[in-house]
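Heads up: the structure comes next, in structure tokens.
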Amino acid sequence: MKYTQYVPYVDKASFTPKKVDLSGVKKVSSSPGVSVVGGLANTYYDFQTNGGDEHRVHVLPDGSVHVVYMGGTNRAAIGDASRGSFYAFSDDFGETFTNLGRVEFERAGFPSLGVTSEGYALIVSHTGAVLGTSLFVDALPGLGIFTSYDAPRAPIECIWPRAAVSTNNRVIFYGSSGGADVPGNTWNALDLGTSSFAFTENQPLFPDVGNEIRGSIAASAGGKVALVLINGLDLPPVADFGNNNIILRESTDGGLTFGDPVNVTGYSADTSSVHEAFWLGISAIYVGEELHIVWNEVLDQVPGDAGISYFGPDLRIKHWAASVNGGVPTTAARWDSVHFSINQTEGVNHLPLDYPSIGVDENGILTVVFTGFSGDTLNADPVSGFAYGDIWAVSSANNGLLWGEPTNLTNSVDMDDRYPYISSWNESGKINVMYMSDSVAGSFAFNDGAPVSTPDFLFLKVDHPSTEPYDFYATAVEDKTPAVPERFSLDQNYPNPFNPSTNIAFTLAKAENAKLEIFNTIGQRVATLVNGKLPAGQHNVTWDAKDMPSGIYFYKLEAGTFSQVKKMILAK
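Following numbering that gives the first Met the number 0 from start to finish, the sequence shown increments by one per residue and tops out at 571.
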């Protein structure tokens, strides 16, 4: 059903959005950037996402900047109708903003942002007494007068939506059922030309997958659309497609049809031993016509337990693209004691590295921004007791194969900076980030019990970080007081692919006889790198394959009862 708000006549040829320099009106936060709020009392909701990337900032080549955030206009916004989506616009690459206020007329939340081919904002959120997706399309760039469309509610609702505008102004969106339904995720499409939905009932996205809320969506200029989801181990059914993996469906015709489900990561769903596990963050974009995905990941250390237990050195942000590293995920950032704290009281749904969002500049430089927690237990809010967060970033100049050193973009004293979103497109050498900044750490809106606060939302334009490859492994298991490692592990070789040499790192929890061997694809051993007793700790070995042919190789570590095999690619 379509509901149209009254839209007065506007001469599009002569229309110029009203420009208000909000940074000169009021800026609550001392963190860097321009406030898109401007002191308006509409931010009484300091929890922004249940997981995934809603692409809440878009910068366009003509200088337009669209941003949206979730807020509320009174202290009871947690449960009343004042919670909703708030939209701001700039026409000068983010130097000044106009806050155009509330988008919806009823309680709403968790917005996602897209931009039509004419440069109009497209905002989707879940609304209504019977929850479901509603879509809002601005009448002009930066006007703030929206036409609304309510997506089907029955038989399965679609909430926590993500949306993208594909070719021919076709809006693709998907979301969660919000319950125990199978399928737990549905999708649909809105044709802005005909104002009609593709289906009278939302369609199953992954028919055998239960309710999941951690996902992202991306659309390319050439008509590709990707619907990406974390299918975690924490929800039934446990034998569904791609359990404990990143899964996706992709369209090549602008979202008219979608291909079969694809398992991106290929991880094991066996929880009887230490295994990869996913947290909340995941983000996707197209660079040209190639899909790039990033997410945060741990190694679950408690087999069989429904929760996630991890050690700091296991925490990392991963990157995947089909043509990069032979389709094997690379590490964009990982925990180390030089940059990050470990296991502070970060607050609900936060880890020391969390909520990655990926973008690209005009030169093809990839950047991932994320929330990070630095320092020690002294870096905490004395009132709430929660740790102060910062906004961090890493960049890559070779399509995500190798990444630079993590850079703290905000580095603010006594400010809690969280929930970063980077524009999918960025000017040459720049990144454009929108994030939440609060003087009170933690969340009052979502179970933390922190004091009520009115955070700011800031737009930050800075140079992208260095792309000089950074060796995470040099510091990954360092701590301020050296400790005996608590587990055995075998890391992915670095670099990979390689020519002609590569480094292999592994960790021994105790002194042990260890053997590290290299095999080809027919199982022949081609090298033995380690064969003897080694002390506890991290070890690094270099394999020089100058005399070996190009191809896939496997390296195997055996130490006591521990045994693990990983794949690497020699590309000459």
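Backbone N, C-alpha and C fix where the C-beta goes; we use that ideal spot for every residue, glycine too. Since we're looking at a predicted model, the values are computed, not measured.
| Check | Outcome |
| --- | --- |
| Simplified DSSP state of PRO31, which is helix, strand or coil | coil |
| Between the CA atoms of ILE568 and ASN495 - distance to the nearest angstrom | 6 Å |
| Rounded distance between the beta-carbons of LEU191 and VAL170, thought under 8 Å | 6 Å |
| Cβ neighbours of PHE96 in the same chain (closer than 6 Å, five flanking residues each side left out) | LEU21, VAL35, ALA87, SER89 |
| Three-state secondary structure (DSSP) of ASP269 | coil |
| 6 Å Cβ shell around GLY287 - same chain, five flanking residues per side excluded | none |
| Contacting residues, own chain, Cβ-Cβ under 6 Å from TYR420 (five flanking each side not counted) | ARG55, VAL56, SER356, MET433 |
| Beta carbon of PHE553 nearer than 8 Å to that of LYS566 | yes |
| C-alpha gap between TYR148 and ILE216, whole angstroms | 20 Å |
| Through-space distance from ASN530 to GLY214, alpha-carbon basis | 44 Å |
| Cα-Cα separation, LYS509 to VAL347 | 34 Å |
| Identified DSSP bridge partners for ALA276 | VAL297 |
| Inter-residue spacing [alpha-carbon to alpha-carbon] between ARG101 and GLY127 | 15 Å |
| In chain order, each beta strand (DSSP E) run of at least 3 residues that lies wholly inside the segment 197 to 230 | 214 to 218, 224 to 230 |
| THR132 (DSSP reduced to helix, strand or coil) | strand |
| Distance between GLY93 and GLU117 (C-alpha atoms, nearest Å) | 19 Å |
| Opening and closing residue of the beta strand (DSSP E) in which SER111 lies | 107 to 114 |
| Beta-carbon gap between GLU211 and ASN167 smaller than 8 Å | no |
| As assigned by DSSP and simplified to three states, the class of THR185 | strand |
| Which listed residue (TRP542, LYS571, LYS532, THR541) has its alpha carbon closest to that of GLU557 | LYS532 |
| Start-to-end residues for the beta strand (DSSP E) that takes in PHE458 | 455 to 462 |
| LEU583: first and last residue of the uninterrupted beta strand (DSSP E) it sits in | The shown model of the chain, from 0 to 571, leaves out residue 583, and the question about it has no answer. |
| Distance CB(GLY108)-CB(SER124) smaller than 8 Å | yes |
| Residue environment, LYS317, which counts as buried when at least 16 other CB atoms sit within 10 Å | buried |
| Cβ-Cβ distance between GLU607 and SER111 below 8 Å | With the chain covering only 0 through 571, there is no way to say anything about residue 607. |
| Beta-carbon contacts of PHE339 that lie in its chain and below 7 Å, excluding the five residues immediately before and after | PRO351, LEU352, GLY371, PHE372, SER373 |
| Member of THR560, SER271, PRO468, ALA283 whose CA lies at the smallest distance from the CA of VAL263 | ALA283 |
| Distance between beta carbons of SER395 and THR466, contact taken as under 8 Å | 6 Å |
| Residues of its chain near ARG524, where Cβ-Cβ distance is below 6 Å and the 5 sequence neighbours each way are ignored | GLU516, PHE518 |
| Straight-line gap, GLN537 to GLU511 (C-alpha atoms, nearest Å) | 12 Å |
| C-beta atoms of ARG74 and VAL382 nearer than 8 Å | no |
| Simplified DSSP assignment, three categories, for GLY326 | helix |
| CA-to-CA distance, ILE245 to VAL261, given in whole angstroms | 9 Å |
| Length at least 3, wholly inside the segment 490 to 516: the beta strand (DSSP E) runs in chain order | 500 to 507 |
| Closest Cα partner of VAL66 within the set LEU459, ALA225, VAL327 | LEU459 |
| Residues of its chain near ILE551, where Cβ-Cβ distance is below 7 Å and the 5 sequence neighbours each way are ignored | THR520, LYS566, ILE568 |
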